[in-house]
Amino acid sequence: MNEELTDEQIVVKTISEDKEYFAMIIDRYEEKLLRYANYLIKDEYKAVDVVQESFIKAYSNLNGFTPTKKFSSWIYRIVHNQSMNIIKKYLKETPIPENFDLKSDENIEEEFEKKEIINMVKLCLNQIPLIYSEPLTLFYIDEKSYEEISDILQIPMGTVATRISRAKLLMKKLCQQN
Amino acid sequence: MSTELEKIKGRVMDKIHEGKVKMKPRWYFIVGSVLTLIGLTLSITTSVFFVGLIRFTLRSHGMMREYRIGQMIINFPWWTLIFALLTLTLGIWLIKKYDFSYKINPWHIIIGFILAVIIAGWTIDVIGINDTLSKRGPMKNTMRWYIKEKNVSPTPLFKK
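The listed protein sequences correspond, in order, to chains D and L.
To convert, count from 1 in the first sequence and add 64; that's this note's numbering.
To convert, count from 1 in the second sequence and add 38; that's this note's numbering.
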């Protein structure tokens, strides 16, 4: 029954009925947000802190959320802002941790191949500027629409399209070089 | 990583249960929005007024202004310029901080905002609202004080 509730309905229930509903929000988003934060700050431990802080921030500002808007864009925006604060604070590149994401039941060979591809893509992604790689990640990895990316990054949809297209060109160039 | 995820959920929910994290009440956001709107309106009104006052000062020097440039620089009300810039900055900060620029390029909003203030200030002076303001309106006292203090005429001495 609870599975059928939309994020926005859960938010309304958290505010008006029971704060326990917020745990459902955490269940739905923690993995995705952790991957997103880790991609942005490239530090597993800091990413955990960022996501935790983002959930706390989201909960305390839940009354400021407009239920007619998309909750997913709102929470991603909070993680984006928190991550940018961390990036500005530390301003250093840290290596991508191994074995971080994507659980799979496939066989070892396929798993290895997949990991190789992921590592290669990550390597290429890390070489292109964040303004291009972030919308690309949101679009292909987090499967967000242009409209949602526009909401998360607070840039016009046209700019999202341009940045994704440029990111693809850069990726092609860099991946081919590698 | 799954243990880390469990920890995130546990830690967040624990803080909520213990009351260390509380939901801000709805009125907090309503008051915030109202204050933002008031701040933005005041900053626009004030900067428009001061831009108008700056143009009024330049106009009141009439045709001889080229010969009195030094005097004009000394007598120029620099505080109005500073005040106009401060209120403009406040307006821009409010625009950037809150969602007014949602999905619109913030630079377009900022440039539009500055242009709107300058055009409005210039229009106010050209159509003579400044003269009306010197007689009545909320800025009456400022205008009167300014005219008296700087010994300027509300209309140019030599009209083209």
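The C-beta atom is built at its ideal place from N, Cα and C for all residues, glycine as well.
Let me know the secondary structure DSSP gives residue 80(L) once reduced to three states. Start at 1 with the first residue of the second sequence, and residue 80(L) comes out as number 42. The answer is helix: DSSP assigns residue 80(L) an H, G or I state.
What residues from chain L crowd round residue 91(D), counting only those whose CB sits closer than 8 Å? In the first sequence, counting from the first residue as 1, residue 91(D) sits at position 27. Here the neighbours are 47.
At a CB-CB cut-off below 8 Å, which residues of chain L make contact with residue 87(D)? Along the first sequence, read from residue 1 onward, the residue named residue 87(D) stands at position 23. Residues of chain L passing the Cβ test: 47 and 51.
Any idea if residue 247(D) is buried or exposed, counting beta-carbon neighbours within 10 angstroms, 16 or more meaning buried? With chain D covering 65 to 242 only, the question about residue 247(D) has no answer from this structure.
Applying a beta-carbon distance threshold of less than 8 Å, which residues of chain L neighbour residue 123(D)? On the first sequence, residue 123(D) is found 59 positions in, with the first residue counted as 1. Going along chain L in sequence order, the residues near residue 123(D) (Cβ under 8 Å) are 50, 54, 59 and 61.
How is residue 75(L) classed by DSSP in three states: helix, strand or coil? For the purposes of this step, residue 75(L) is taken as residue 37 along the second sequence, with counting starting at 1. Residue 75(L) falls in the helix class under three-state DSSP.
Would you check if the stretch 121-128 of chain D and the stretch 191-209 of chain D touch, i.e. whether three or more CB-CB distances between them fall below 8 Å? no
Taking 8 Å as the threshold (beta carbon to beta carbon), is residue 73(D) in contact with chain L? For the purposes of this step, residue 73(D) is taken as residue 9 along the first sequence, with counting starting at 1. Not one chain L Cβ lies under 8 Å of residue 73(D).
Please classify residue 193(D): does DSSP put it in a helix, a strand, or coil? Numbered from 1 along the first sequence, position 129 holds the residue referred to as residue 193(D). Looking at residue 193(D) - three-state DSSP - the assignment turns out to be coil, as it is neither helix nor strand.
If we ignore side chains and look at the alpha-carbon of each, how far apart do residue 91(L) and residue 163(L) end up? Sequence index remark: in the second sequence, residue 91(L) carries index 53 (1-based). Sequence index remark: in the second sequence, residue 163(L) carries index 125 (1-based). Rounded to whole angstroms, the separation of the alpha carbons of residue 163(L) and residue 91(L) is 8 Å.
Skipping 5 residues on each side, what residues in its chain have a beta carbon closer than 7 Å to that of residue 210(D)? Against the first sequence, residue 210(D) aligns to sequence position 146. The answer, listed in chain order, is 221, 224 and 225.
Please classify residue 154(L) as buried or exposed, where buried requires at least 16 neighbouring CB atoms within 10 angstroms. Taking the second sequence and counting its residues from 1, the one referred to as residue 154(L) is at position 116. With fewer than 16 neighbouring CB atoms inside 10 Å of its own CB, residue 154(L) falls in the exposed class.
Quick check on residue 67(L) - is its C-beta less than 8 Å from some C-beta in chain D? To locate residue 67(L), count along the second sequence from 1; it is residue 29. It does: the Cβ of residue 67(L) has a partner Cβ on chain D nearer than 8 Å.
On a CA-only basis, which of 142(D), 117(D), 115(D) and 95(D) is nearest residue 215(D)? Give me that one, please. Numbered from its first residue, the first sequence carries residue 215(D) at position 151. Of the candidates 142(D), 117(D), 115(D) and 95(D), the one whose C-alpha sits nearest the C-alpha of residue 215(D) is 142(D).
Can you find a C-beta in chain L that's less than 8 Å from the C-beta of residue 203(D)? Stepping through the first sequence from its first residue, residue 203(D) is reached at position 139. No, residue 203(D) lies away from the interface with chain L (no Cβ there is under 8 Å from its Cβ).
Using the rule of at least 16 other Cβ atoms within 10 Å of the residue's Cβ for burial, across every protein chain shown, is residue 78(D) buried or exposed? Counting from one through the first sequence, the residue named residue 78(D) turns up at place 14. Buried: at least 16 other Cβ atoms inside 10 Å.
Report the three-state DSSP secondary structure of residue 166(L) (helix, strand or coil). One-based indexing of the second sequence puts residue 166(L) at position 128. Looking at residue 166(L) - three-state DSSP - the assignment turns out to be coil, as it is neither helix nor strand.
For residue 89(L) and residue 69(L), the rounded distance between their alpha carbons: The residue given as residue 69(L) occupies position 31 in the second sequence. The residue given as residue 89(L) occupies position 51 in the second sequence. Roughly 30 Å between the two C-alpha positions.
Residue 115(D) to residue 212(D), Cα distance in whole Å? Position 51 of the first sequence, counted from the start, is the residue given in the question as residue 115(D). Position 148 of the first sequence, counted from the start, is the residue given in the question as residue 212(D). Going from the Cα of residue 115(D) to the Cα of residue 212(D) covers about 19 Å.
Coil, strand or helix - residue 58(L) by DSSP: Against the second sequence, residue 58(L) aligns to sequence position 20. In the structure shown, residue 58(L) sits in coil (DSSP, three-state: anything other than H, G, I, E or B).
Of the choices 76(D), 146(D) and 190(D), whose alpha-carbon is the least far from that of residue 110(D)? Locating residue 110(D) in the first sequence gives position 46, counting from the first residue. Cα-wise, what sits closest to residue 110(D) is 146(D).
Sort 76(L), 48(L), 56(L) and 75(L) by Cα distance to residue 91(D) and report the nearest one. As a position in the first sequence, residue 91(D) is number 27, starting the count at 1. The shortest Cα separation from residue 91(D) among 76(L), 48(L), 56(L) and 75(L) belongs to 48(L).
Near residue 74(D), what residues of its chain come up, given a Cβ to Cβ distance below 7 Å and the 5 sequence neighbours on each side ignored? Stepping through the first sequence from its first residue, residue 74(D) is reached at position 10. Hits under 7 Å: 85, 88 and 89.
By the criterion of Cβ-Cβ separation under 8 Å, what are the contact partners of residue 64(L) in chain D? Within the second sequence, numbered from 1, the residue matching residue 64(L) stands at position 26. The answer, in chain order, is 127.
Applying the criterion that 16 or more other CB atoms from any shown protein chain within 10 Å of the CB defines a buried residue, is residue 65(L) buried or exposed? Indexing the second sequence from 1 puts residue 65(L) at position 27. With fewer than 16 other Cβ atoms within 10 Å, it is exposed.
Per-residue contacts from residue 116(D) into chain L (C-beta, under 8 Å): For this step, residue 116(D) is matched to residue 52 along the first sequence. The answer, in chain order, is 46, 49 and 50.
Contact check, residue 123(L) vs residue 81(L), beta carbons under 8 Å: In the second sequence, the residue the question calls residue 123(L) occupies position 85. In the second sequence, the residue the question calls residue 81(L) occupies position 43. Contact flag unset, no.
Mapping DSSP to helix, strand and coil, what is residue 68(L)? Here residue 68(L) refers to the residue found at position 30 of the second sequence. Helix, per DSSP.
Simplified DSSP assignment, three categories, for residue 124(L): Position 86 of the second sequence, counted from the start, is the residue given in the question as residue 124(L). Three-state DSSP puts residue 124(L) in a helix.
Does residue 240(D) pass the burial test, meaning 16 or more other C-beta atoms within 10 Å, or should it be called exposed? Here residue 240(D) corresponds to residue number 176 of the first sequence, with the count starting at 1. Its Cβ having fewer than 16 others within 10 Å, residue 240(D) is exposed.
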